[in-house]
Amino acid sequence: MKPDFSIIIPAYNEEHRIGNLLSQIPGRGGHFLFICDGSDSTPAIVMKCARSHPETDLRCLVYPHRLGKGGAVKEGFVNADTAYVGFMDADASTSIAQMVSLFEELGDADCVVGSRWLPGSIVPERQGIARRLESRGFNLLIRLLFGLSLTDTQCGAKVFKKSAIDAVIGEMAATGFEFDVELLWRLSMKGYTIKEYPITWQNKGGSRVRGMDSFRMLKSLVSLRFSGGKEDG
4 MKPDFSIIIP AYNEEHRIGN LLSQIPGRGG HFLFICDGSD STPAIVMKCA
54 RSHPETDLRC LVYPHRLGKG GAVKEGFVNA DTAYVGFMDA DASTSIAQMV
104 SLFEELGDAD CVVGSRWLPG SIVPERQGIA RRLESRGFNL LIRLLFGLSL
154 TDTQCGAKVF KKSAIDAVIG EMAATGFEFD VELLWRLSMK GYTIKEYPIT
204 WQNKGGSRVR GMDSFRMLKS LVSLRFSGGK EDG
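Below is the structure:
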């Protein structure tokens, strides 16, 4: 299967890292939607690439205020008009070729989540031990809180049938890095099929998620879970 897909790339102040990803786009099919909500030259770099490769469907949406990772992905979902949509990290820790492979794995599933922890995954350089322990602990808590039997909810490579996204996007409350968990939870609660697929993932360093971010993510998710899925306030 070679679906007509859109890939959404949140790109907050990514001027120093966006080049690798942009170099993978020319000559590929699909639609690429960059969501830029920072203050650096990322939009100019993306738009220069678009002008240099007019044969490529590459768009850049610029916002004057911070959207958050989840807010940026949501804007991408709203602006995508293909039957299949996905999102990935701007640092190209997952390649576009790998994203295409995820789309091809959709089949009867409504969502395919890339996993760095399944047998068959390729991670040439693992993150540091502290970061890995933090990730595994976070994933265990997510399993307990939301009943999601997934090995890797936070890998920045996920693809979906747009019909499934349209069914839940209006209910989404999260705008930060916790967006992934809420999205997967809402899909599962509505009976949509989610599967994981082993992924090739490069540790690029320079992660936007810090220790306090993980704490805030967990706090937000606990609040969401015990408020019946409604946003506080």
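This note's numbering applies: residue 4 is where the sequence shown begins, and numbers increase by one. C-beta: ideal position from N, C-alpha, C; glycine also. Remember, predicted model here, so these are calculated numbers, not experimental data.
Problem - Three-state class that DSSP yields for residue 207 in the structure shown - result: coil
Handout entry: Straight-line gap, residue 187 to residue 174 (C-alpha atoms, nearest Å)
Key = 12 Å
Handout entry: residue 188 beta carbon near the ligand NAP (any heavy atom closer than 8 Å)
Key = With respect to the ligand NAP, the structure offers nothing, as it holds no ligand at all.
Handout entry: Between the CA atoms of residue 220 and residue 78 - distance to the nearest angstrom
Key = 20 Å
Practice task
Would you check if there are 3 or more beta carbon pairs closer than 8 Å linking the region 116–128 to the region 44–58?
Solution key: no
Exercise for the section: Would you tell me roughly how many angstroms separate the C-alpha atoms of residue 99 and residue 32, rounded to the nearest one? Expected result: 11 Å
Practice task
Please confirm if the region 83–94 is in contact with the region 52–68, defined as three or more CB-CB distances below 8 Å between the two stretches.
Solution key: no
Practice task
Give me the Cα-Cα distance between residue 92 and residue 30, rounded to the nearest whole angstrom.
Solution key: 20 Å
Exercise for the section: Give me the Cα-Cα distance between residue 64 and residue 96, rounded to the nearest whole angstrom. Expected result: 22 Å
Exercise for the section: Evaluate contact between the region 33–41 and the region 148–160, counting only Cβ atoms and requiring at least three cross-stretch pairs below 8 Å. Expected result: no
Problem - Minimum C-alpha distance to residue 229 - residue among 149, 196, 164, 52 - result: 149
Handout entry: Alpha carbon of residue 13 to alpha carbon of residue 21, nearest angstrom
Key = 11 Å
Practice task
Please state whether DSSP places residue 235 in a helix, a strand or coil.
Solution key: Any reading at residue 235 needs caution, since the residue's pLDDT is 47, under 50, leaving its predicted position unreliable; the model's value is listed next. Three-state DSSP puts residue 235 in coil, outside helix and strand.
Handout entry: For residue 192, the first and last residue of its enclosing alpha helix (DSSP H)
Key = 182–192
Handout entry: Same chain, Cβ closer than 8 Å to residue 16, five either side skipped, listed in chain order
Key = 41, 42, 43, 45
Practice task
Name, in chain order, the residues that DSSP records as bridge partners for residue 222.
Solution key: According to DSSP, residue 222 bridges with nothing at all.
Practice task
Can you tell me which of 128, 170, 184, 116 puts its alpha carbon nearest to the alpha carbon of residue 143?
Solution key: 184
Handout entry: Start and end residues, beta strand (DSSP E) containing residue 160
Key = 160–164
Practice task
Could you please give the first and the last residue of the uninterrupted alpha helix (DSSP H) stretch that includes residue 46?
Solution key: 45–55
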